[in-house]
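Peer 1:
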Amino acid sequence: WDFGNGNSSTDANPVFIFEEEGLFPVSLTAWNKCDTIVYERNVALGSFPQSGFEILGSTEGCAPFTVEFRNMSSANSEEWEWVFEGGNPETSTEENPVVTFEQAGIYSVTLKASNAIGTDTFSLQDIITVQAQPIAAFDYEMLDDGYYRFDNLSDYGDSYLWDFGDGNTSDEFSPVHEFIEAGTYWVELVAGNACGLDSFGLFVEFDPTSVLDLEAFGFRLFPNPSSGLFTLEFSEMPGDVRLRIYDIRGRIIQDKPWSESSSRQIIDLTGYSSGTYLLELLIEGNLYHFPVQLIKH
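Every number in our numbering is 19 more than the matching position in the sequence shown, counting from 1.
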């Protein structure tokens, strides 16, 4: 007999006392003149582990959210396998790991504790809640008589503050605002939640006379927003046209005459950063302004 721990016996039916817990491969070797046969079985002595853990601190936070885990498994646990849904790292064999959750969401955590006898698994479902930073965004549509409808396209916001650039503000989700005087207004939306604030703005041009004039010549600006190339088109040219593009600080970044050979022009902003720019058309001494939104993916 070989008892798997360095001890052996030649008795036919021995009695052996194991002094320690563990998994022991016990084998019996029997032989005669004709053959030798070995029979082996594992003998498990001890108890299964009990898996468990707790979270130190809050289970809710803002991305990126770092969480410290304390292993509460039984003392006879020898190895640990953690699985962190949505976590970085996603898995760990450390006894007390620290994990960062970088994306918003609700996540579960599982711990499997093992020893020579077996394994035990403990899970907490949907235990970690991560909230994202707000992302402000909006679009707008011109209605009649100076009224504009602003469509809130923000993500993860709980509160909103609009500044229409004319001294008026609003905390409505998607307000309708009236501009009294013609002009170009920088409209800004600030979105907030428990994790912070984010702002987004667009130029809004209010000049009913100029809009009607350009509509008469079939003016189109598309696509807007764009990832880089914007198309300007007249169905009928209104006369000499000059193009200027301004950045958010009011600096001219492009300035060129409209080509007389075509009723269509391309504005190329692929070399510029994402953001809001202002298109200015100088037509027969009159200025017309249009916001253009550059969004790079």
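From the three backbone atoms N, C-alpha and C, an ideal C-beta is built for every residue, glycine too.
Taking DSSP's pairing of strands, which residues face PHE88 in a bridge?
Peer 2: Indexing the sequence shown from 1 puts residue 88 at position 69. Beta-bridge pairing links PHE88 to ILE74.
Peer 1: For PRO68, which residues does DSSP report across the bridge?
Peer 2: Working through the sequence shown from its first residue, we reach residue 68 at position 49. Note: PRO68 sits in no beta bridge, so no partner.
Peer 1: Indicate the three-state DSSP secondary structure (helix, strand or coil) for GLU255 in the structure shown.
Peer 2: As a first step, residue 255 is located in the sequence shown; it is residue number 236 there, counting from the start. Three-state result, GLU255: coil.
Peer 1: With a CB to CB cut of under 6 Å and the five nearest residues on each side skipped, what residues in its chain are close to ASP318?
Peer 2: Any question about residue 318 goes unanswered here, given that the chain covers just 20 to 316.
Peer 1: Can you have a look at LYS315 and say buried or exposed, based on whether 16 or more other CB atoms are within 10 angstroms of its CB?
Peer 2: As a first step, residue 315 is located in the sequence shown; it is residue number 296 there, counting from the start. It is exposed - the Cβ of LYS315 has fewer than 16 other Cβ atoms within 10 Å.
Peer 1: From PHE37, GLU40 and VAL45, pick the residue whose C-alpha is nearest to that of TRP20; which is it?
Peer 2: Your numbering for residue 20 matches position 1 in the sequence shown. The residue with the shortest Cα to Cα distance from TRP20 is VAL45.
Peer 1: With burial defined as no fewer than 16 other Cβ atoms inside 10 Å of the residue's Cβ, what is the status of ASP30: buried or exposed?
Peer 2: Within the sequence shown, the letter at position 11 stands for residue 30. That one is exposed.
Peer 1: Could you tell me the alpha carbon to alpha carbon distance between PRO68 and VAL128, rounded to whole angstroms?
Peer 2: Your numbering for residue 68 matches position 49 in the sequence shown. Your numbering for residue 128 matches position 109 in the sequence shown. Taking the straight line from one Cα to the other gives about 18 Å.
Peer 1: Measuring straight from C-alpha to C-alpha, what distance separates ILE74 and ILE56?
Peer 2: On the sequence shown, residue 74 is found 55 positions in, with the first residue counted as 1. On the sequence shown, residue 56 is found 37 positions in, with the first residue counted as 1. Cα to Cα, ILE74 sits roughly 53 Å from ILE56.
Peer 1: Starting from CYS81, trace the beta strand (DSSP E) in both directions and tell me its first and last residue.
Peer 2: What you label residue 81 is simply residue 62 of the sequence shown in a count that begins at 1. Segment 79-81, the beta strand (DSSP E) holding CYS81.
Peer 1: What are the start and end residues of the beta strand (DSSP E) that includes PRO310?
Peer 2: Walking along the sequence shown from the start, residue 310 turns up at place 291. Its beta strand (DSSP E) spans residues 305-313.
Peer 1: Given a cut-off of 8 Å on the beta-carbon distance, is the pair LEU301 and HIS308 in contact?
Peer 2: The sequence position of residue 301 within the sequence shown is 282, counting from 1. The sequence position of residue 308 within the sequence shown is 289, counting from 1. Going by C-beta atoms, LEU301 is not nearer than 8 Å to HIS308.
Peer 1: So, do the region 105-124 and the region 82-93 have three or more beta carbon pairs nearer to each other than 8 Å?
Peer 2: Yes: at least three Cβ pairs fall under 8 Å.
Peer 1: Is the beta carbon of THR140 closer than 8 Å to that of SER245?
Peer 2: As a working note, residue 245 is residue 226 in the sequence shown. As a working note, residue 140 is residue 121 in the sequence shown. Contact: no.
Peer 1: Going by DSSP, which residues form a beta bridge with PHE219?
Peer 2: On the sequence shown, position 200 is the one that residue 219 refers to. Beta-bridge pairing links PHE219 to LEU208.
Peer 1: What does the alpha-carbon distance come out to for the pair PHE236 and MET256?
Peer 2: On the sequence shown, position 217 is the one that residue 236 refers to. On the sequence shown, position 237 is the one that residue 256 refers to. Going by the C-alpha atoms only, they are around 7 Å apart.
Peer 1: Span of the beta strand (DSSP E) holding SER127?
Peer 2: The residue labelled residue 127 in the question sits at position 108 within the sequence shown. From DSSP, the beta strand (DSSP E) with SER127 extends over 124-133.
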